[in-house]
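Q:
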Amino acid sequence: MNATASLFSNAKANASREDIAMGLIWMVLQSIGSATILSSLESGIKDFVLIGNLTLLPQCREVFPAMEKLYGVRFRIPKYSEFCTAIGAALDYKRQAK
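The structure is reproduced here in structure tokens:
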């Protein structure tokens, strides 16, 4: 895996829209992974749960395992990860209603 900064270093002027979109997806996912790892420095936390609609992107199966190897961490994407925020909001509402 190349560093995020080099994602567009070899971009050609005639790159297809699909290639540009793929580069952007990789850059966003790597930024999420990097921010997650950096925010946990010195905490000892090595396991992270990813939630939200972006976890449905097939590129997650490439980006995050590569980052796991590079940084010695673990990213977990739970079943129905796209609904986790809504489930959490509903549970919190129910808790506050008591």
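In terms of our numbering, the sequence shown has -12 at position 1, counting the first letter as 1, and numbering is strictly consecutive. Every residue, glycine too, gets a C-beta built ideally from N, C-alpha and C. Keep in mind that this is a model prediction, so the values were computed, not measured.
Among Glu49, Leu43, Lys85, whose alpha-carbon lies nearest the alpha-carbon of Cys71?
A: For this step, residue 71 is matched to residue 84 along the sequence shown. The residue with the shortest Cα to Cα distance from Cys71 is Leu43.
Q: If we require 3 or more residues per run, which beta strand (DSSP E) segments fall completely within the stretch -9 to 77?
A: Considered as a whole, the stretch -9 to 77 harbours 34 to 36, 61 to 63 as its complete beta strand (DSSP E) runs of no fewer than 3 residues, in chain order.
Q: Please report the distance separating the alpha-carbon of Gly59 from that of Glu5.
A: Looking up residue 59 in the sequence shown gives position 72. Looking up residue 5 in the sequence shown gives position 18. Taking the straight line joining both Cα atoms gives about 31 angstroms.
Q: For Glu49, tell me which candidate among Gln83, Ala2, Gly20 has the shortest Cα-Cα distance.
A: Reading the sequence shown from its first residue, position 62 is the one you call residue 49. With distances taken between Cα atoms, Glu49 lies closest to Gly20.
Q: Taking the C-alpha atoms as reference points, what is the distance between Ser27 and Lys33?
A: Taking the sequence shown and counting its residues from 1, the one referred to as residue 27 is at position 40. Taking the sequence shown and counting its residues from 1, the one referred to as residue 33 is at position 46. Ser27 and Lys33: Cα-Cα distance of roughly 8 angstroms.
Q: Output needed for Glu69: all residues of its chain with C-beta closer than 8 angstroms, excluding positions within five of it in sequence on either side, in chain order.
A: Locating residue 69 in the sequence shown gives position 82, counting from the first residue. Hits under 8 angstroms: Ile38, Gly39, Asn40, Thr42, Leu43.
Q: According to DSSP, simplified to helix, strand and coil, what is Lys85?
A: Counting from 1 along the sequence shown, the entry for residue 85 is found at position 98. It is coil, neither helix nor strand.
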